[in-house]
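**Student:** Just dropping this structure here.
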Amino acid sequence: MVIIVNCTSIKEGVDDYDKTCILKAGCHPFIVRDSYITYRRITLESAYFIETKIASGDFITYAPVAHDLYIQILSGLLSSKAVSLKYKRFIKAAIEQNACGDFQPIGII
């Protein structure tokens, strides 16, 4: 299973968004405007589902994120109030099984 998070551009004049994980324009080739992770739209999908969506063209692949950006997004997942306990437990179990690389959360005890 794979957790999917949504990345949304920050709209000028709009201040009502999850500020847990802000991505600056240029931090990844896909991020051309300041953006944020919309943790309230998190989903858990099978690898098969993702592969099927890529093959059908519904999902487009981009370069992997840099390690520091990966850490920022995962740390945000663990600290965001918008993420349900179900997803936090899933990620914590994955971390305990070393399924998240050498992840060390930022500011999380």
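Here the sequence shown stands for residues 61 to 169, where the numbers follow my numbering. Yeah, the Cβ is synthetic: ideal placement off N, Cα and C, and Gly gets one too.
1) Buried or exposed, going by whether 16 or more other CB atoms sit within 10 Å of the CB of T80?
2) Below 8 Å between beta carbons: does that hold for S126 and P89?
3) Nearest by alpha-carbon distance to S69: which of I63, M61, V62, L83 is it?
4) According to the Cβ coordinates, are Y77 and A142 closer than 8 Å?
5) Check each candidate in C87, Q157, A154, V62 and name the one with the smallest Cα separation from F109.
**Tutor:** Looking at the coordinates:
1) Walking along the sequence shown from the start, residue 80 turns up at place 20. By the 10 Å Cβ count, T80 comes out buried.
2) Start at 1 with the first residue of the sequence shown, and residue 126 comes out as number 66. Start at 1 with the first residue of the sequence shown, and residue 89 comes out as number 29. Note that residue 126 is Ala in the sequence shown here, rather than Ser. In this structure, P89 does not lie closer than 8 Å to A126 by Cβ.
3) To locate residue 69, count along the sequence shown from 1; it is residue 9. Nearest option by C-alpha distance: L83.
4) Reading the sequence shown from its first residue, position 17 is the one you call residue 77. Reading the sequence shown from its first residue, position 82 is the one you call residue 142. Contact flag unset, no.
5) Mapped onto the sequence shown, residue 109 falls at position 49. Among C87, Q157, A154, V62, the Cα nearest to that of F109 is on V62.
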